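Heads up, the thing below is written out as structure tokens.
Protein chains: 2
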Amino acid sequence: MGEKLGSLRRTHMCGDLRSSNINDEVVLMGWVQKRRNLGGLIFVDLRDTTGISQIVFDTDISEDAFNKADKIRNEYVIAIKGNVVERHSKNKDLPTGDIEVFVKEVKILDESQTPPIYIKDDDDVSDAMRLKYRYLDLRKPFMQNNLKIRHKTAKLVRDFFDENSFVEVETPILTKPTPEGARDYLVPSRVNPNKFFALPQSPQLMKQMLMVSGMDRYYQIVKCFRDEDLRANRQPEFTQVDVEMSFVDIEDIIRLNEKLIYKIFKELKGIEIDLPIKRMPYREAMDKYGSDKPDLRFGFEISNISEIVKDSQFKVFSDTVDTGGEVRAINVNGYESEFSRKGISKLEKYIKTYGAKGLAWIKINEEGINSPISKFLSEEEINNIIENFNAKLGDIIFIVADKQKVVLDSLGHLRIEVAKQLDLIDDEKFEFVWITEFPLFEYNEEEDRYVAKHHPFTHPVDEDIDILETSPEKVRAKAYDIVINGDEIGGGSIRINNSELQERMFNALGFTKEEAWSKFGFLLEAFKYGVPPHGGIAYGFDRLIMLLTGMKNIRDVIAFPKTQNATSLLTEAPSGVNKDQLEELNISLISKND
Amino acid sequence: MGEKLGSLRRTHMCGDLRSSNINDEVVLMGWVQKRRNLGGLIFVDLRDTTGISQIVFDTDISEDAFNKADKIRNEYVIAIKGNVVERHSKNKDLPTGDIEVFVKEVKILDESQTPPIYIKDDDDVSDAMRLKYRYLDLRKPFMQNNLKIRHKTAKLVRDFFDENSFVEVETPILTKPTPEGARDYLVPSRVNPNKFFALPQSPQLMKQMLMVSGMDRYYQIVKCFRDEDLRANRQPEFTQVDVEMSFVDIEDIIRLNEKLIYKIFKELKGIEIDLPIKRMPYREAMDKYGSDKPDLRFGFEISNISEIVKDSQFKVFSDTVDTGGEVRAINVNGYESEFSRKGISKLEKYIKTYGAKGLAWIKINEEGINSPISKFLSEEEINNIIENFNAKLGDIIFIVADKQKVVLDSLGHLRIEVAKQLDLIDDEKFEFVWITEFPLFEYNEEEDRYVAKHHPFTHPVDEDIDILETSPEKVRAKAYDIVINGDEIGGGSIRINNSELQERMFNALGFTKEEAWSKFGFLLEAFKYGVPPHGGIAYGFDRLIMLLTGMKNIRDVIAFPKTQNATSLLTEAPSGVNKDQLEELNISLISKND
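In structure tokens form, the structure reads like this:
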């Protein structure tokens with residue numbers, strides 16, 4: 001049934017022993033990583049959360065220990081007492097490789113069956129197996145390390161905000177369903193029949209309430225929930241570093257948060273970022289990178305060549321410009337020879353998924369200009385395009401003509417795709433940029449109305465308040481995103497702090513006064529009683545940890561994640577519940593017919 | 001619409017100005033606590049989260065500022081620039097009472113209607129109003145202070161565990177419904193029709209999984225949920241400091257946690273606790289205090305006088321002992337004169353709510369023995385009772401005879417009640433005790449079986465493992481609670497770390513092997529692969545903060561609490577949702593007929 005610890009107490013961790021410990025008597029506890037019988041001795045790699053020590057059983061030292069060790073299998077949990085000696089054959093790959101421990105006493109604390117997955121970083125078992133046996137998967141050193149980096153980052157974030165006079169305040173998990181935004185997870189209320197709580201998509205309104213409460217500076221590392229169909233790096237519950245400050249404008253929030261970002265990258269990656277972090281207005285990001293989260297680790301910026309080709313004989317270009325579209329291009333400078341016709345045709349296929357109808361290109365190689373469209377363009381037009389990019393021998397220019405949205409989307413993805421193919425994306429390089437001056441609204445074709453690009457509490461840029469009703473499409477928001485290597489890691493805004501402006505905002509979104517009050521009544525009520533200027537930011541904590549650990553999969557930075565199907569393979573949640581429970585909640589099931 | 005901050009930036013907080021700031025030019029921002037026009041000047045108490053500064057408007061300094069100030073009302077949000085001067089009439093009650101600020105420039109950042117509640121600590125508005133206008137209620141200095149102490153405590157707890165090599169790991173909020181324990185909050189899954197997540201009642205199983213994962217030391221400050229009918233100091237969501245360690249026994253956990261408790265009380269209350277904290281086995285606590293969470297700030301211990309009266313002529317006593325009951329008593333020493341017959345009859349009524357049939361008493365006063373039962377007891381019996389308590393002139397002994405449970409419950413509550421009435425409970429005194437050696441099981445009459453007193457993963461005391469099946473009622477658990485001033489602030493145990501023992505435990509609880517696997521299959525599966533000895537503790541964080549702030553109501557230490565009816569008066573959650581949302585979730589409402 002497993003031996004008991006008794007009075008035995010751990011003196012060292014397995015990963016900590018060094019030459020300086022030679023001659024020490026130590027007690028180690030952990031899991032058996034590997035056992036070998038060799039030359040009359042038994043060698044065991046003993047593993048705990050800090051690493052591995054080699055322990056040796058020798059009948060000359062303890063026959064009893066040796067005999068027990070002979071029964072030990074992988075993943076047995078044992079405790080040993082022994083003496084540290086200099087290792088005969090040192091292992092330079094192991095921090096503890098200079099020593100080994102000769103065992104005087106061993107206790108088998110628990111046995112183990114043969115585990116269904118290997119406990120090693122390079123085990124290539126399926127994701128499903130990893131999630132089902134998560135407690136074994138988490139024994140792998142890289143997973144332990146990911147969780148520790150997560151812990152360290154959280155600690156650093158908390159220390160930072162504490163030092164800067166922020167107060168950690170917990171906001172409710174059982175909240176009010178949100179009328180705007182993504183789909184809520186709902187929780188039926190037993191005490192209040194036929195009513196539901198929602199799990200928060202973010203504590204946005206609550207943190208604003210805290211500012212109205214005079215809390216001045218708030219932060220929280222908090223779970224948020226979205227019942228959306230899960231894409232690759234999404235989880236139904238995710239973690240947010242949530243921040244809000246009073247009596248500030250954009251500059252104050254950005255400056256403070258740059259200090260945090262600096263500290264995180266310095267302490268966790270050893271990288272000293274140049275401050276201030278560069279800023280780029282939304283419009284420029286879209287124009288140059290086709291994205292509001294540009295990856296700046298490589299070039300290939302987008303350039304608008306509509307002016308050059310607007311009168312071209314090549315109708316594909318000139319007609320596009322004529323009908324309000326655009327012709328834009330990127331120069332993949334120096335890599336002309338990397339793109340075969342077959343390769344280009346694959347790229348064309350790729351950008352068609354973003355709506356492009358085709359991909360034109362111009363190569364400048366030893367033979368001169370090489371392009372399937374060269375026969376349709378005048379020499380002047382081709383020269384102007386080349387000149388526009390300062391293109392040289394060895395360059396290749398990719399051109400897309402379409403509606404602006406399609407052109408930017410296609411070229412934005414194309415520049416990333418070619419950089420990937422050319423292996424130009426350096427995982428150890430970090431490029432930071434604040435994207436600013438987002439549009440306040442975006443037009444929703446489905447609903448045929450303007451909707452808030454961020455949320456309806458975002459403050460317009462002061463100079464644009466006057467055109468809120470007349471030219472909503474031109475109104476810029478006091479909003480900002482921090483983008484690292486093409487990932488939006490955080491974003492925020494200055495909020496509206498005045499009931500009159502808030503009502504104008506709701507009005508611009510097409511809500512009647514009654515609708516606005518029924519949706520956001522408590523906010524509008526609160527706004528009657530003196531609201532300080534305030535704003536904040538929220539970071540996607542899981543994504544930040546992915547960046548810091550170099551993981552590509554969000555599940556590798558979360559202890560107990562869900563599958564794409566929002567289930568836990570470990571616990572088998574969600575599961576059926578009995579009828580009585582549902583009756584108590586005043587709900588019944590609808591059976592799924594399709 | 002409210003003036004904009006522009007380039008104006010806060011230089012100081014309102015509560016921070018002192019004589020040393022005299023002649024400084026400062027910018028303050030905050031809410032108008034009070035405005036008075038006096039002798040041609042306007043005086044404003046300006047409040048932010050740190051306190052209040054008096055600011056003065058004088059037409060000689062700025063006519064523009066003065067005119068704006070004349071429009072200012074309570075709770076307006078303003079920013080001022082001005083010079084600190086020595087105050088004419090100093091206010092010793094205010095930390096900033098030595099200075100005032102003469103204003104050169106003022107901006108009205110937002111106006112306010114007359115707030116429906118006063119922003120002052122001693123406002124005695126109803127709880128309902130406080131919760132509905134929570135953002136105003138939180139402006140009160142004592143509420144700001146409570147949230148700050150909560151923040152400081154959380155910070156201290158996090159620092160402590162970080163320093164002791166614990167890793168903060170987030171466990172899921174969307175979990176599997178629990179077959180044992182309190183009622184779950186359920187969350188219908190849209191993607192998995194007719195299946196439900198549950199919100200965790202505690203991360204118990206997940207933290208054990210982390211130990212099986214080799215995480216070694218885990219902590220988390222985490223929200224937990226119970227859909228129970230709410231008693232006075234309960235909330236549907238509450239916060240727990242959750243801790244688990246591997247390769248430890250009771251002693252290690254208690255010793256480490258005493259350091260934490262020491263640190264909390266030292267840094268937040270300035271009290272240095274004597275370590276080690278005293279320990280009391282469950283049986284002793286029940287015998288002496290009628291409770292497993294005894295308040296040790298006062299005496300009046302319970303004593304068993306069954307032996308003395310078992311052969312008494314007084315049948316109420318002797319029959320009780322004959323039929324397996326007990327006669328116990330407390331001596332409220334020195335307070336005989338405080339209890340009139342009317343007072344005693346009220347106490348009797350009070351203990352009847354705990355099942356007692358009556359309350360006997362013996363006074364020792366100037367006239368000698370005064371007791372309604374003296375005529376039924378022999379002189380020897382009375383003398384023996386008096387001797388048992390070393391009772392003296394001025395004492396009063398209260399006696400209850402009944403089944404043990406009723407006797408202990410009644411006298412346990414009686415001793416607290418009389419201490420309250422006698423005003424012997426000192427809010428500034430803190431008495432700590434570990435209650436240990438809890439019974440592993442308790443008999444559930446309703447279900448006619450033994451159930452786990454804590455939970456089914458609690459490790460029995462090693463010596464008692466052999467009698468698990470034969471004498472379950474005698475098996476003690478490796479469990480411990482930390483009790484402060486009669487409140488259980490935390491509790492935990494060593495867990496079973498062996499599948500065989502875990503199965504024996506489930507068996508003792510009356511589960512078939514199939515039931516055990518269907519309820520806790522993933523734990524039993526995990527237990528096949530090497531489980532370290534482990535154990536932990538969980539603190540009720542809200543209750544801890546109540547203790548540290550001296551609050552009697554849990555709602556005063558939570559930013560946005562729910563009512564007794566589990567509703568938010570601020571946001572009006574829970575609320576109705578539309579039919580489409582429910583259909584997506586494959587549920588429909590049952591209308592409540594009663």
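Going line by line, the protein sequences match chains A and B.
Start counting the first sequence at 1; every next residue gets the next number (my numbering).
Start counting the second sequence at 1; every next residue gets the next number (my numbering).
Don't be surprised by glycine CBs; every beta carbon is placed ideally from N, CA and C.
Since the model is a prediction, treat every value here as computed from it, not as a measurement.
Three or more C-beta pairs under 8 Å: does that hold for the stretch 129-149 of chain B against the stretch 88-97 of chain B? Look at the beta carbons and you see the stretch 129-149 of chain B not touching the stretch 88-97 of chain B: under three pairs across the two are nearer than 8 Å.
In chain order, what are the residue ranges of uninterrupted alpha helix (DSSP H) at least 4 long that sit wholly in the stretch 287-332 of chain A? Here the runs fully enclosed are 306-309 and 315-322.
Are the C-beta of residue 559/B and some C-beta of chain A separated by less than 8 Å? Closer than 8 Å: yes.
Hey, how far is the Cα of residue 594/B from the Cα of residue 194/A? Bear in mind that the predicted position of residue 594/B carries a pLDDT of just 47, short of 50, making it unreliable; the figure below should be weighed with that in mind. Roughly 14 Å between the two C-alpha positions.
Residue 425/A to residue 524/B, Cα distance in whole Å? Those two C-alpha atoms are separated by around 45 Å.
Unbroken beta strand (DSSP E) run spanning residue 48/B, endpoints: Segment 41-48, the beta strand (DSSP E) holding residue 48/B.
Within 8 Å (strictly less), CB to CB, does residue 185/A reach chain B? At least one CB atom of chain B sits nearer than 8 Å to the CB of residue 185/A.
Just tell me which of 226/B, 412/B and 314/B has its CA closest to the CA of residue 299/B. For residue 299/B, the nearest C-alpha among the options comes from 412/B.
Give the range of the alpha helix (DSSP H) segment to which residue 165/B is assigned. It is not in any alpha helix (DSSP H) - residue 165/B carries neither H nor E in the DSSP assignment.
Alpha-carbon to alpha-carbon, residue 420/A and residue 373/A: Taking the CA atoms as reference points, residue 373/A sits about 26 Å from residue 420/A.
Is the separation between the beta-carbon of residue 404/A and that of residue 326/A shorter than 8 Å? Yes, the pair counts as a contact, with Cβ atoms nearer than the cut-off.
Helix, strand or coil: which one does DSSP assign to residue 120/B? When DSSP states are grouped into helix, strand and coil, residue 120/B belongs to the coil group.
Determine, using beta carbons only, whether residue 144/A comes closer than 8 Å to chain B. Interface criterion met: the Cβ of residue 144/A is under 8 Å from a Cβ in chain B.
DSSP beta-bridge partners for residue 512/B? Residue 512/B is not bridged by DSSP to any residue.
One or two residues paired with residue 51/B in a DSSP bridge: According to DSSP, residue 51/B shares a beta bridge with 48/B.
Would you mind giving the Cβ-Cβ distance between residue 146/B and residue 551/B, rounded to the nearest angstrom? I have them listed as a contact below 8 Å. Under the criterion of beta carbons closer than 8 Å, residue 146/B and residue 551/B qualify as touching, at roughly 6 Å.
Would you report the Cα separation of residue 414/A and residue 359/A, rounded to the nearest angstrom? The C-alpha of residue 359/A is placed about 10 Å away from the C-alpha of residue 414/A.
Which same chain residues end up closer than 6 Å to residue 111/B when comparing Cβ atoms and leaving out the 5 residues on each side of it in sequence? Here the set comprises 76.
Taking Cβ-Cβ distances below 9 Å as the criterion, which residues of the stretch 542-575 of chain B are in contact with chain A? Within the stretch 542-575 of chain B, the residues whose Cβ lies closer than 9 Å to any Cβ of chain A are, in chain order, 558, 559, 560, 561, 562, 565, 566, 567, 568, 570, 571, 572, 573, 574 and 575.
Assuming the contact rule is C-beta atoms closer than 8 Å, residue 79/B and residue 44/B should be a hit. Round their C-beta distance to whole Å, please. Not quite, the Cβ-Cβ distance comes to about 12 Å (not below 8 Å), so this is no contact.
What are the boundary residues of the alpha helix (DSSP H) that residue 211/B is part of? That run of the alpha helix (DSSP H) goes 204-212.
With residue 453/B and residue 439/B assumed to form a contact (beta carbons below 8 Å), what rounded beta-carbon distance in angstroms separates them? The distance from the Cβ of residue 453/B to that of residue 439/B is about 6 Å, consistent with a contact at the 8 Å cut-off.
At least one CB of chain A closer than 8 Å to the CB of residue 167/B: is that the case? Yes, contact with chain A.
List, in chain order, every chain A residue whose beta-carbon is nearer than 8 Å to that of residue 130/B. Within 8 Å Cβ-Cβ: nothing; residue 130/B doesn't reach chain A, min ~12 Å.
Run through the DSSP bridge pairs and tell me what residue 418/B is partnered with. In DSSP, residue 418/B forms no bridge with anything.
Across the stretch 284-293 of chain A and the stretch 261-270 of chain A, are there enough close Cβ pairs to call them in contact, namely three or more that are closer than 8 Å? By the C-beta criterion, the stretch 284-293 of chain A is judged not to be in contact with the stretch 261-270 of chain A, since fewer than 3 inter-stretch pairs fall below 8 Å.
Could one say the Cβ of residue 532/B lies closer than 8 Å to chain A's Cβ atoms, at least one of them? Under the Cβ criterion of 8 Å, residue 532/B is counted among the residues facing chain A.
Report all residues from its chain with a CB closer than 6 Å to the CB of residue 72/B; omit the five preceding and five following residues, and keep chain order. Only 32 and 35 meet the Cβ criterion.
For chain A, find out if any of its Cβ atoms is closer than 8 Å to the Cβ of residue 31/B; answer yes or no. With 8 Å as the cut-off, residue 31/B counts as an interface residue toward chain A.
Which first and last residues belong to the beta strand (DSSP E) in which residue 80/B is found? Run containing residue 80/B: 77-86, per the beta strand (DSSP E) assignment.
Residue 350/B and residue 526/A closer than 8 Å at C-beta: Going by C-beta atoms, residue 350/B is not nearer than 8 Å to residue 526/A.
Using only the alpha-carbon positions, how far apart do residue 121/A and residue 12/A sit? Computed Cα separation, rounded: 24 Å.
Any C-beta of chain A sitting closer than 8 Å to the C-beta of residue 583/B? With 8 Å as the cut-off, residue 583/B counts as an interface residue toward chain A.
Classify residue 145/A as helix, strand or coil using the three-state DSSP reduction. Residue state, collapsed to three classes: helix.
Is it buried or exposed for residue 125/A, if we count other Cβ within 10 angstroms and need 16 for buried? It is exposed - the Cβ of residue 125/A has fewer than 16 other Cβ atoms within 10 Å.
Between the alpha carbons of residue 427/B and residue 547/B, how many angstroms are there, rounded? If you draw a straight line from the Cα of residue 427/B to the Cα of residue 547/B, it comes to about 9 Å.
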